[in-house]
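Down below is the structure, laid out as structure tokens.
Number of protein chains: 2
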Amino acid sequence: MPSPRGIVVGYAGTVFSVDVADFAVGLLIDVLRRISFAHRFIRAGLWPLPLGSKQLPLVLTLFRFPFIPSFEEQFSEKFRALKRTDLSEPLNQFLTKHAQSVRALICGAGAPVNIETLNHLPSLSCVLTVSAGLDHIDLPECRRRGIVVGNASTVYSEDVADFAVGLLIDVLRRISSADRFVRTGLWPLKGEYPLGSKLGGKRVGIVGLGSIGSEVAKRLEAFGCVISYNSRKKKPSVPFPYYSNVIDLAANSDVLIISCELNNETFHIINKDVMSALGKKGVIINVGRGALIDEKELVRCLVKGEIGGAGLDVFENEPHVPKELFELDNVVLAPHKAVLTPESFSALHELVIANLEAFFSNKPLVSLVKND
Amino acid sequence: MPSPRGIVVGYAGTVFSVDVADFAVGLLIDVLRRISFAHRFIRAGLWPLPLGSKQLPLVLTLFRFPFIPSFEEQFSEKFRALKRTDLSEPLNQFLTKHAQSVRALICGAGAPVNIETLNHLPSLSCVLTVSAGLDHIDLPECRRRGIVVGNASTVYSEDVADFAVGLLIDVLRRISSADRFVRTGLWPLKGEYPLGSKLGGKRVGIVGLGSIGSEVAKRLEAFGCVISYNSRKKKPSVPFPYYSNVIDLAANSDVLIISCELNNETFHIINKDVMSALGKKGVIINVGRGALIDEKELVRCLVKGEIGGAGLDVFENEPHVPKELFELDNVVLAPHKAVLTPESFSALHELVIANLEAFFSNKPLVSLVKND
Chain A
162 MPSPRGIVVG YAGTVFSVDV ADFAVGLLID VLRRISFAHR FIRAGLWPLP
212 LGSKQLPLVL TLFRFPFIPS FEEQFSEKFR ALKRTDLSEP LNQFLTKHAQ
262 SVRALICGAG APVNIETLNH LPSLSCVLTV SAGLDHIDLP ECRRRGIVVG
312 NASTVYSEDV ADFAVGLLID VLRRISSADR FVRTGLWPLK GEYPLGSKLG
362 GKRVGIVGLG SIGSEVAKRL EAFGCVISYN SRKKKPSVPF PYYSNVIDLA
412 ANSDVLIISC ELNNETFHII NKDVMSALGK KGVIINVGRG ALIDEKELVR
462 CLVKGEIGGA GLDVFENEPH VPKELFELDN VVLAPHKAVL TPESFSALHE
512 LVIANLEAFF SNKPLVSLVK ND
Chain B
162 MPSPRGIVVG YAGTVFSVDV ADFAVGLLID VLRRISFAHR FIRAGLWPLP
212 LGSKQLPLVL TLFRFPFIPS FEEQFSEKFR ALKRTDLSEP LNQFLTKHAQ
262 SVRALICGAG APVNIETLNH LPSLSCVLTV SAGLDHIDLP ECRRRGIVVG
312 NASTVYSEDV ADFAVGLLID VLRRISSADR FVRTGLWPLK GEYPLGSKLG
362 GKRVGIVGLG SIGSEVAKRL EAFGCVISYN SRKKKPSVPF PYYSNVIDLA
412 ANSDVLIISC ELNNETFHII NKDVMSALGK KGVIINVGRG ALIDEKELVR
462 CLVKGEIGGA GLDVFENEPH VPKELFELDN VVLAPHKAVL TPESFSALHE
512 LVIANLEAFF SNKPLVSLVK ND
């Protein structure tokens, strides 16, 4: 049709009509016959298996899990995973709709199990966490409801201990800082690089001599370090000197390695007084949880030179790290990764499956958390 | 005096005259009475001690030594140090002028003792190096002249072993790279950090199981690594599997740690074939000397992903490091500092003094190098 200015306009005519009509009918059928809903239903593992085949136990996975594809296969041979795939749906709504019959769940540090979550899971009897720490689970409430809890136990202990030792060597011998020195081309220009400090003979105080702390001690003994420790109670089978008080431990140590559990008693266990007792040359390594240390005080002490250095894998407000630390050469920073190796994930997967098999066979969990 | 344009010019008058005159007289006296020369003479330790006091033995120090002030005092109670303070004077001229009677010298990797230096030191009978390596000393020529040689022996072994283990943990668990990740603010933005690899169970091949290699083995056993080694000869007292061929060792290892001596036989001992045998996931740690590895080939293999990673404290052309390495996250670089701690320097100082005392008392050196 010619326009008033004589310009001819062409258009697509009926080229799209069939497609649009098809789509409209598709939407109508989907709404009426709940096709997308059914798709989510199947993906969430809710579709009953064919008659005659054994019904696999349903396991709610609140945590982005598994990490390794081969595990998914292994898992799905034994269990059906109930996952919240539509993250726009509120968790509680999802639980009310789909999880009323769920007896076991898998959680992690990023997916807490609090009283509200528990209130939406009336059939729950087993909570498994992929973490060694338990600070994201309401343990008293689980105990009250008779829910058993299993954790990652010692699966990560060796990796975390390796990482703690790596951080310590790195801080004392200034490896990351040396790497920056070389990478930024300063070696030919400046030549001299500041001396580090020897590992051998260092008095290392371990705060929390559990499975991680014990692995750290075993490794550091091979370097000639002198070990002592603090924990809730003296461990009769352990040969190292025990300090019931962290300040005394710090006063008698060149290095503190923090590998205890975070709970009400250990929150900010490394405070200003502990850092003062550790002193100007003292080094702190934290592979536990950020809130074990009064982070503001730590940053102040590092900036003012009131302690000698720090290697930190964990922080109070992850993933946010105090920016003042970015300028310091006597600190080494890592993004909460002390546990992260494919080897420890494989071990974790095996443990999770073993725990679920035990639970659904009415046997005690392999890595049962004492909760009394 | 008014200028043609009427501008008045002032000047300093006689204000400086006295100072300039004084200086001219000073220069004249200095030249005639050799004051600066005498100053250098005293600083070089050439001034004879007062009559009656014992003449201390003269020791030529070619190396910037000592490193720690307290040592200077301790040293000067027992010996006189002959140092070349005027570096504009050629070494040979300095030696001819001042070192004809010198019987002992201290050298280091940065101050080689070659045949030319030896030719200028007719009285020399003892060469001490502050290094564990001997590649900067002409050993056959020393033997021919009956000069005894002492080195740093095992003084640095623990520190170097600590550093090697630190580099290995750093490469496998990506500590320096994690530190960059956090410092550049990427954690809150990217979240995920690539997995590292577990130490435990890794097959570690040590090239050169001397005192450093043995200390490395002792440490890595505590991490659950599986050790084997290559050296000139199988060591009967060592429990680890022995490979007479480095390629076979590499083919049966996940990690190679290079801690052997650099000499004609070990130059480029880690070549293309060894790296191929080690394979795509293999890691190389070098705390020996740069030229033990074919560096060009190493860089190519790292860039192409033909080996998995490297931790390097030494390079072929120090302080110059191949720039291609600066971009890689699977390498950790250090400026030849594996030996550098105050503790090892103290031990070195004691050893140097003990060696000199032995030499000047006609006793065998404490850390005598076998040179036959």
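In order, the protein sequences belong to chains A and B. Numbering follows the numbering used here, in which position 237 of the first sequence is assigned residue number 398; successive positions increment by one, without gaps. Numbering follows the numbering used here, in which position 284 of the second sequence is assigned residue number 445; successive positions increment by one, without gaps. Virtual Cβ for every residue (Gly too), placed ideally from N, Cα, C.
Collapsed DSSP secondary structure at residue i in the structure displayed
i: HIS510/B; result: helix
i: ALA313/A; result: coil
i: HIS481/A; result: strand
i: ALA322/B; result: helix
i: ALA185/B; result: helix
i: GLY327/B; result: helix
i: PRO211/A; result: Bear in mind that the predicted position of PRO211/A carries a pLDDT of just 45, short of 50, making it unreliable; the figure below should be weighed with that in mind. PRO211/A falls in the coil class under three-state DSSP.
i: VAL416/A; result: strand
i: ILE431/A; result: strand
i: LEU529/B; result: strand
CB contact flag (residue i, residue j, <8 angstroms)
i: GLY371/B; j: TYR390/B; result: no
i: ILE408/B; j: ASP434/B; result: yes
i: ASP331/A; j: GLY443/A; result: no
i: VAL368/B; j: CYS287/B; result: no
i: GLY362/A; j: GLY385/A; result: yes
i: VAL377/B; j: VAL326/B; result: yes
i: ILE520/A; j: ALA265/A; result: The sequence as given places Phe at residue 520/A; Ile does not occur at that position. Cβ atoms of PHE520/A and ALA265/A: closer than 8 angstroms.
i: LEU329/B; j: VAL448/B; result: no
i: VAL343/B; j: LEU494/A; result: yes
i: GLY311/B; j: SER178/B; result: no
Min CB distance residue i to chain B below 8 angstroms
i: ALA383/A; result: yes
i: SER337/A; result: yes
i: SER318/A; result: no
i: ASP183/A; result: no
i: GLU504/A; result: yes
i: LEU360/A; result: yes
i: ASP296/A; result: no
i: ILE330/A; result: yes
Any chain A beta carbon closer than 8 angstroms to residue i
i: GLY187/B; result: no
i: PHE224/B; result: no
i: ILE367/B; result: no
i: VAL343/B; result: yes
i: LYS433/B; result: no
i: HIS281/B; result: no
i: ASP415/B; result: no
i: GLY271/B; result: no
i: TYR390/B; result: no
i: ASP490/B; result: no
i: PRO480/B; result: yes
i: PRO211/B; result: Confidence is the limiting factor: at PRO211/B the pLDDT is only 45, short of 50, which leaves the residue's position unreliable, though a coordinate-based value still follows. Judged by the 8 angstroms Cβ criterion, PRO211/B is not in contact with chain A.
i: LYS498/B; result: yes
i: TYR172/B; result: no
i: VAL326/B; result: yes
i: TYR354/B; result: yes
i: ALA495/B; result: yes
i: LEU370/B; result: no
i: VAL513/B; result: no
DSSP bridge partner residues for residue i (one or two, in chain order)
i: CYS421/B; result: Note: CYS421/B sits in no beta bridge, so no partner.
i: LEU360/B; result: Paired residue(s): none; LEU360/B is not in a bridge.
i: SER389/A; result: GLY366/A
i: GLY472/B; result: ILE446/B and VAL493/B
i: ALA265/A; result: VAL220/A and CYS287/A
i: ALA272/A; result: GLY269/A
i: SER241/A; result: Reading off the sequence, residue 241/A comes out as Arg, not Ser. According to DSSP, which records beta bridges pairwise, ARG241/A is partnered with LEU219/A.
i: ILE308/B; result: ILE308/B is not bridged to any residue.
i: ILE454/A; result: ILE431/A
i: TYR403/B; result: TYR390/B
i: VAL298/B; result: First, the residue type needs correcting, since residue 298/B is Ile and not Val in the sequence shown. Answer is VAL274/B.
Chain E within 8 angstroms of residue i, Cβ atoms only
i: PRO301/B; result: Absent from the structure is chain E; the protein chains it does hold are A and B.
Segment contact flag, the stretch 322-339 of chain B with the stretch 393-407 of chain B, C-beta cutoff 8 angstroms, min 3 pairs: no
Three or more beta-carbon pairs under 8 angstroms between the stretch 493-513 of chain B and the stretch 350-357 of chain A, yes or no? yes
Counting pairs of beta carbons, one from the stretch 503-521 of chain B and one from the stretch 477-485 of chain B, are three or more of them closer than 8 angstroms? no
Determine contact between the stretch 483-490 of chain B and the stretch 458-468 of chain B, defined as no fewer than three beta-carbon pairs at a distance below 8 angstroms. yes
Should the stretch 274-283 of chain B be regarded as contacting the stretch 299-309 of chain B, the criterion being three or more beta carbon pairs within less than 8 angstroms? yes
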